[in-house]
Amino acid sequence: MLGFVAVVAVIAYAALVGVTGSLNLDIAAQAQENGNVPGHALGNVSDSDVWRQIRRGEVGKVSIPDLKSAVLINAEGSAWRAARNGPISFWGGLVIAASLAFIILFNVIHGRIVLRRGRSGEVIPRFSQAERWVHWFAAGTFILLGLTGLALIFGRYVLKPLFGPDVFAIIANASLQSHNLFGPIFIVALVILLGLYMRDNLWQNGDLSWALKGGFIGDSHPKSWKYNLGEKAWYWALFFGGLALAGTGLLLEFPWLFDRLSVLQLAHVIHAISALGLIAFSVGHIYLGVWGVEASLDGMTKGYVDVNWAKEHHGWWADEVLENRPAVVEGAAEAAAEDAPPAPAE
Ligand code: HEM
């Protein structure tokens, strides 16, 4: 009899084990998961399956309002990080390096674009004070944001090996703070800049002929309006790229505006691509403004340009200004005379 009871008890216990998958019948996981707990020895679902689901971003159950906490591993986050540290950094870095290499090569082969007839001494107005102020303000903040952004994305590969982890941590932290602080200031300057400069950057008849006749590269100095097609391309790149940069930057700075991680990850990717593209483009703009085209910088520093420069680079615009506003030209010439160095004593 005792033997029979023992056999029945063993069979009943074995049956229970089969149902629950656990020798320990009162553990908490059993109550929550109907016995489907991870573990070769303690559960009837394999560890690998469970962790695979978690790695793919399986959403669990939580009793608090923040549903994001029901996800143990954010699978999209891993894809985003891989894209940021992989193709975006690689191709972005390559585009900036290619842009720098192109400028150096252009300068070596083509050289500086000089004034063929030298300066005439007569000047015409090109940029108002407001246009110059907003240009330099936007340019200054753009350069600061560009450098701090580059430190954040490439710092670990360039600055960390050079200065060590402690100094890099200080640079990265300072970069992040100033990036966050100057981002919104740049956006205000950018919007005003785009508004002020839009009219003369719209398409005009003759724009294409400037490019077809060689633009900057040929020696023919084709005529153009106030801005040639190359400058207009810079403006519209700044318009679309800058607005994408600004919109996504605001989302990243104030993430509660859009409380979805996938939206923020997409915003970050668009932010990085448009920033790296604009930095690469700005290298060409800065080269031409500072050194590439003789006497170009005058317009943006003093507000007026030499008539020979205007005729050689922006012929149709120069004709228009000289024809329609002779009084202004005289006024500007006086201004230029004031700016000229004093005549040597006889
Ligand atoms: C050290 C940096 C820079 C220098 C030396 C520089 C220089 C110049 C110069 C000389 C011009 C006048 C060109 C002309 O008369 O046709 C100009 C125009 C302009 N610059 Fe800059 N610039 C710099 C950075 C920037 C940056 C970072 C931006 C954008 C945020 C920018 C946006 C513009 C725009 C929109 C124009 C008007 C012409 C156009 O529509 O293409 N500049 N710049």
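By the count of my numbering, the sequence shown reaches residue 579 at its end, each step adding exactly one. Cβ atoms here follow ideal geometry from the backbone N, Cα and C, with glycine treated the same way. Keep in mind that this is a model prediction, so the values were computed, not measured.
Residue span of the beta strand (DSSP E) that contains residue i, given as start and end
i: D539; result: Y537 to D539
i: V356; result: V356 to P358
Residue j beta carbon less than 9 Å from that of residue i
i: F370; j: A422; result: yes
i: G480; j: G325; result: no
i: F514; j: A470; result: yes
i: I306; j: Y520; result: no
i: R350; j: E527; result: no
i: S453; j: W549; result: no
i: W182; j: P455; result: Lying before the first or after the last residue shown, residue 182 is absent from the chain, which here runs from 234 to 579.
i: L555; j: V540; result: yes
i: F472; j: L414; result: no
i: I506; j: H343; result: no
i: V516; j: L333; result: yes
Whole-angstrom distance between residue j and residue i, CA atom to CA atom
i: A303; j: I297; result: 9 Å
i: S361; j: Q410; result: 33 Å
i: V391; j: I404; result: 12 Å
i: A477; j: A543; result: 33 Å
i: G439; j: A330; result: 32 Å
i: R389; j: E309; result: 23 Å
i: R289; j: A315; result: 15 Å
i: A261; j: L494; result: Caution applies to A261, whose pLDDT of 47 falls short of 50 and renders its modelled position unreliable; the model cannot decide the point.
i: H518; j: Y537; result: 19 Å
i: I287; j: L499; result: 22 Å
i: A363; j: I425; result: 10 Å
i: Q437; j: P358; result: 21 Å
i: G416; j: S279; result: 49 Å
i: P338; j: R345; result: In the sequence as presented, Pro is not what sits at residue 338; that position holds Leu. Their Cα atoms are separated by approximately 12 Å.
i: G474; j: G373; result: 17 Å
i: G354; j: K535; result: 14 Å
i: A551; j: M533; result: 16 Å
i: D299; j: G482; result: 25 Å
i: F323; j: F387; result: 10 Å
i: K465; j: I512; result: 16 Å
i: K393; j: L445; result: 46 Å
Endpoints, alpha helix (DSSP H) assigned at residue i
i: K393; result: Q362 to Y430
i: N307; result: Here N307 belongs to no alpha helix (DSSP H), and DSSP marks it neither H nor E.
i: A551; result: G548 to N557
i: S495; result: L494 to Y520
i: L445; result: D440 to L445
i: W469; result: L462 to E486
Contact set for residue i: own chain, Cβ-Cβ below 8 Å, skip 5 residues either direction
i: L497; result: L484, L485, P488 and F491
i: K294; result: A303
i: H412; result: L378, T381, G382 and L385
i: N340; result: Y520, W524 and G525
i: V502; result: W313, A316, R317 and I321
i: V347; result: E527
i: G448; result: P455, N461, L462 and G463
i: F396; result: I404
i: L429; result: A363, E364 and V367
i: L441; result: L462
According to DSSP, residues forming a beta bridge with residue i
i: I346; result: V526
i: V292; result: V304
Sequence-distant residues of the same chain with beta carbon closer than 6 Å to residue i, five excluded per side
i: Y460; result: D433 and N434
Beta-carbon proximity list for residue i, same chain, < 7 Å, skipping 5 on both sides
i: W284; result: none
CB contact check: residue i to chain B, cutoff 9 Å
i: A444; result: The structure shown has no chain B; it contains just one protein chain.
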